[in-house]
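Student: To start, I am sharing the structure in question, which I have written as structure tokens.
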Amino acid sequence: MTYLVLDQLTKRFSNWTAVDRVSLTVEKGELISLLGPSGCGKTTTLQMIAGFLDADGGRVTLDGQDLLAKKPNERGLGIVFQSYALFPHMTAAENVAFGLEMRRINRADRDRMVADALKLVGLEQYGDRHPRRMSGGQQQRVALARALVIKPSLLLLDEPLSNLDAKMREEMQIELRRIQRTVGTTMILVTHDQSEAMALSDRVVVMNKGRIQQVATPQEAYDRPANAFVANFLGRTNLLPGLVGNGPAGTTIVVADSVWPVSQPLPSGPGALAVRPEKVGFVDAGGLSGTVRTRVFQGTQWLFEVETAAGRMTVIRQHDGSPLPAEGGRVMVGWRAEDMAVMPAAEPEASASREAA
Amino acid sequence: MAASTDSQVADIPPSAANPAAHAPPPASRPHRRSWAPYLLSAPGIALFAVLLLVPLAMTFLLSLNSFSFYGGIADVWQFDNYIDILTDSYFHEVFLRTFRIAAVVTVLCALFGAPEAYILRRMDSPWRGLCLLIVLGPLLISVVSRTLGWALLFGSTGLVNQGLMALGLIATPIEFMYTETGVVIALTHVLVPFMVLSVWASLQRLDPQVENAALSLGAGPLTVMRRVVLPQIVPGILSGSIIVFALAASAFATPAIIGGRRLKVAATLAYDEFLNTLNWPLGATVAVLLLLANIVIIVGCNRLVERRYKQVFE
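Chains A and B, in that order, give the protein sequences.
Counting with this note's numbering, you get residues 627 to 983 for the letters of the first sequence.
Counting with this note's numbering, you get residues -1 to 312 for the letters of the second sequence.
Now the structure itself:
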């Protein structure tokens, strides 16, 4: 059931287009991530949904209602801000109660709902604390409780975990997922952290330069990136230039001295092949030949840099006792055809923006 | 990286966040007293003592002397001057007027200065700097020339009265000169920058997303102001009020020019006792009482602010 629809949503600033004709549909109860490097337009998109920025074009409908026509304080959305944006002069419980007060809910119900919300985020003991006396993780939970207690039709999370340290972040990821399962609220999560997006989301929306690059489940986006940007942004990848050809044997891509079958139809011409380092192995025949430049032991795995005619490749092998080539050795690398993704030739700016991220 | 450092600081209990708590113990052995801090601060302390403490002490001693027209100042040590002032309704009136003017000026400064600072903060970059300069501009002009300017505007044929009459708002000129109204207007103009600066400082600490958070929870713009923004800038308004009140209560130039001899406040009263009546001990007594009243009011307000907002801001 389609719940939230973004239709050709656009935001222009004086000298650049921050969000360029973004269209997206979100199902009810889904957790979807807007993922991309800083400046890709993900936060701007969120701000337009929330109503803090006016859209320059396009429509947003939530449950069939035009959202852009409403004022931000009438949209009934829950928002968790990157800075948490708690009210510092109120206790945790007062913070959570604020939205209920605005809805003129009577005292008894309000107290009960605040207690329930604080319990949901595991802070039932902290109701009378002021935010300054709480840790980052606790403040984060208060912000979450404050946004959830109003039973929002949509919960927007703007980089909610980026101010937490690594251990806390992992804990909150699990927590967030649990809460999402419990309350079943439709959530949109904005993040630049691909592992966070993959861990939490039902689907990820990869964005770059104001445009959507791919909308897919995390696994699909990781295994079958739609283009070079997505391949580069979601984890480490080997991106090799090649030549796509359509012959009697079907579509193939030629990468240096190797030929790989392509399953999807693709026009002939320059193309690119993406394959994850952990999917690449050392083979005896039918692969790409090269020389091992470096090999690094990383405990559970070995990291190889292999120089091939198509460029330098990263190979990750498990440290499972199987024989591995030494530095300087002549090797042949290969992978299963279903483990690679083939796409039209990479746009030149794709790798540059990866650096910027 | 910066983000993770922030969160680490937040996870540490407040007492441990103080860098001094982590500092290694001093290298020197504890029984050897170091004189360096005292020596280094000696010039400042000497300046403070010579320029402030000594004159204050002398003023206080002077206030204990007695004065007669034919005998001049007599070297006696008694509290007669204080008793005179505390029992004479003329002095009561002057002191009451002083603090009434100071209170009204403080309220007006808060009413104008706080919204002014808030609007300034929401302005865009080039205009913000320009408007801030305009607001702070009065501080760049000598208080005497600025007040004389007000005197020109305030006269019965001055620009303000002529303008109001031309607009048909008033039939006869309003008395501004030698009235409390005139003094209050001129003092408010002089002192409002201090309020703006003080509120500005507290607005700098306000997370801009907090207003959006309140909006998203269903609060209207007025509720956001009242429930979210205002409580957070109250400490700034209160500390600004303390500055404005202290300066207004001890202001001299503005009441002297606008209020004249007819409308005396504590500062002009002390001046007249010193230079016209030549009753120095009485003038000194007025000065000491003004200082005491100011200290009591300001320390009292400060306590109130600290107690009320200890939980929130530290």
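The C-beta atom is built at its ideal place from N, Cα and C for all residues, glycine as well.
Because the structure is a prediction, the values reported are computed rather than measured.
Should the region 242 to 256 of chain B be called in touch with the region 265 to 278 of chain B, which here means at least 3 C-beta pairs below 8 Å?
Tutor: yes
Student: Quick one: using the 10 Å Cβ neighbour count with 16 as the cut-off for buried, is Ala963 of chain A buried or exposed?
Tutor: exposed
Student: Tell me where the beta strand (DSSP E) around Leu276 of chain B begins and ends.
Tutor: Counting along the chain, Leu276 of chain B falls outside any beta strand (DSSP E), and DSSP gives it neither H nor E.
Student: Candidates A:Thr717, A:Thr817, A:Asp828: which alpha carbon is nearest Arg807 of chain A's?
Tutor: A:Asp828
Student: What are the residues of the region 199 to 213 of chain B that lie near chain A, defined by any Cβ-Cβ distance shorter than 8 Å?
Tutor: Asp205, Gln207, Val208, Asn210, Ala211, Ala212, Leu213
Student: Go ahead and pull the three-state DSSP assignment for Ala169 of chain B.
Tutor: In the three-state reduction of the DSSP assignment, Ala169 of chain B falls in the coil class.
Student: May I have the straight-line CA-CA distance separating Met824 of chain A from Pro136 of chain B, to the nearest angstrom?
Tutor: Approximately 58 Å between the Cα atoms of the pair.
Student: So Val226 of chain B contacts chain A; which residues on that side make the cut at Cβ distance below 8 Å?
Tutor: Phe713
Student: Report all residues from its chain with a CB closer than 6 Å to the CB of Ala719 of chain A; omit the five preceding and five following residues, and keep chain order.
Tutor: Val740, Gly753
Student: Is the Cβ of Ala15 of chain B closer than 8 Å to any Cβ of chain A?
Tutor: Because the pLDDT of Ala15 of chain B is 40, which lies under 50, any placement of that residue in the model is unreliable, and the question is left without a value.
Student: Under 7 Å Cβ to Cβ from Arg755 of chain A, same chain only, skipping five residues before and after it: list those, please.
Tutor: Thr717, Ala718
Student: Would you check if the region 192 to 203 of chain B and the region 232 to 243 of chain B touch, i.e. whether three or more CB-CB distances between them fall below 8 Å?
Tutor: yes
Student: Report yes if the CB atom of Met798 of chain A is closer than 8 Å to the CB atom of Leu787 of chain A, and no otherwise.
Tutor: yes
Student: Nearest to Val841 of chain A by CA position, among A:Tyr629, A:Leu635, A:Val648, is which residue?
Tutor: A:Val648
Student: Take Phe707 of chain A and list the residues in its own chain whose beta-carbon comes closer than 6 Å to its own, dropping the five residues that flank it on each side.
Tutor: Asp784
Student: For chain A, find out if any of its Cβ atoms is closer than 8 Å to the Cβ of Pro229 of chain B; answer yes or no.
Tutor: yes
Student: May I ask you to report which of helix, strand or coil DSSP gives Arg943 of chain A?
Tutor: strand
Student: Take Asn789 of chain A and list the residues in its own chain whose beta-carbon comes closer than 8 Å to its own, dropping the five residues that flank it on each side.
Tutor: Gln708, Ser709, Tyr710, Gly762, Gln766
Student: For Trp642 of chain A, which three-state DSSP category applies?
Tutor: Correct three-state label for Trp642 of chain A: strand.
Student: If we count the other Cβ atoms within 10 Å of its Cβ and call it buried at 16 or more, is Glu271 of chain B buried or exposed?
Tutor: buried
Student: Between Leu215 of chain B and chain A, is the shortest Cβ-Cβ distance under 8 Å, so that the two count as touching?
Tutor: Yes, contact with chain A.
Student: Could you check the C-alpha separation between Met(-1) of chain B and Asp910 of chain A for me, to the nearest Å?
Tutor: Unreliable placement is indicated for Met(-1) of chain B, whose pLDDT of 37 sits below 50; the coordinate value is still reported in the next sentence. Each residue's alpha carbon lies about 44 Å from the other.
Student: Less than 8 Å between the CB atoms is what I'm expecting for Gly216 of chain B and Arg729 of chain A, so what's the real figure, rounded?
Tutor: 6 Å
Student: Under 8 Å between C-beta atoms, does Pro698 of chain A make it to chain B?
Tutor: With 8 Å as the cut-off, Pro698 of chain A counts as an interface residue toward chain B.
Student: Give, in chain order, every residue of the region 710 to 738 of chain A whose Cβ lies closer than 7 Å to some Cβ of chain B.
Tutor: Ala711, Phe713, Pro714, His715, Phe724, Gly725, Met728, Arg729
Student: With 8 Å set as the bound, which would you pick, yes or no: does the beta-carbon of Gly156 of chain B sit closer than that to a beta-carbon of chain A?
Tutor: no
Student: What residue range does the beta strand (DSSP E) around Val208 of chain B cover?
Tutor: Element bounds for Val208 of chain B: not the beta strand (DSSP E) but the alpha helix (DSSP H), 206 to 214.
Student: Could you tell me which uninterrupted beta strand (DSSP E) segments, each at least 3 residues in length, are contained entirely in the region 861 to 923 of chain A, listed from first to last along the chain?
Tutor: 864 to 873, 876 to 881, 884 to 887, 895 to 901, 914 to 923
Student: Taking a Cβ distance cut-off of 9 Å, strictly less, list which residues of the region 681 to 705 of chain A are near chain B, in chain order.
Tutor: Lys697, Pro698, Asn699, Glu700, Arg701, Gly702, Leu703, Gly704, Ile705
Student: Measure the Cβ-Cβ separation of Gly704 of chain A and Ala773 of chain A and say whether it is below 8 Å.
Tutor: Yes. Within cutoff.
Student: Please list the terminal residues of the continuous beta strand (DSSP E) segment that includes Asn834 of chain A.
Tutor: 829 to 834
Student: Strictly below 8 Å CB to CB, what residues from chain A border Gly218 of chain B?
Tutor: Asn699
Student: For a test of the three-state rule: what should DSSP assign to Gln673 of chain A, helix, strand or coil?
Tutor: helix
Student: Using a Cβ-Cβ cut-off of 8 Å, state whether Phe678 of chain A counts as contacting chain B.
Tutor: yes
Student: With a threshold of 8 Å between beta carbons, is Phe639 of chain A in contact with chain B?
Tutor: no
Student: Based on DSSP bridge pairs, tell me the residues matched to Gly704 of chain A.
Tutor: A:Leu781
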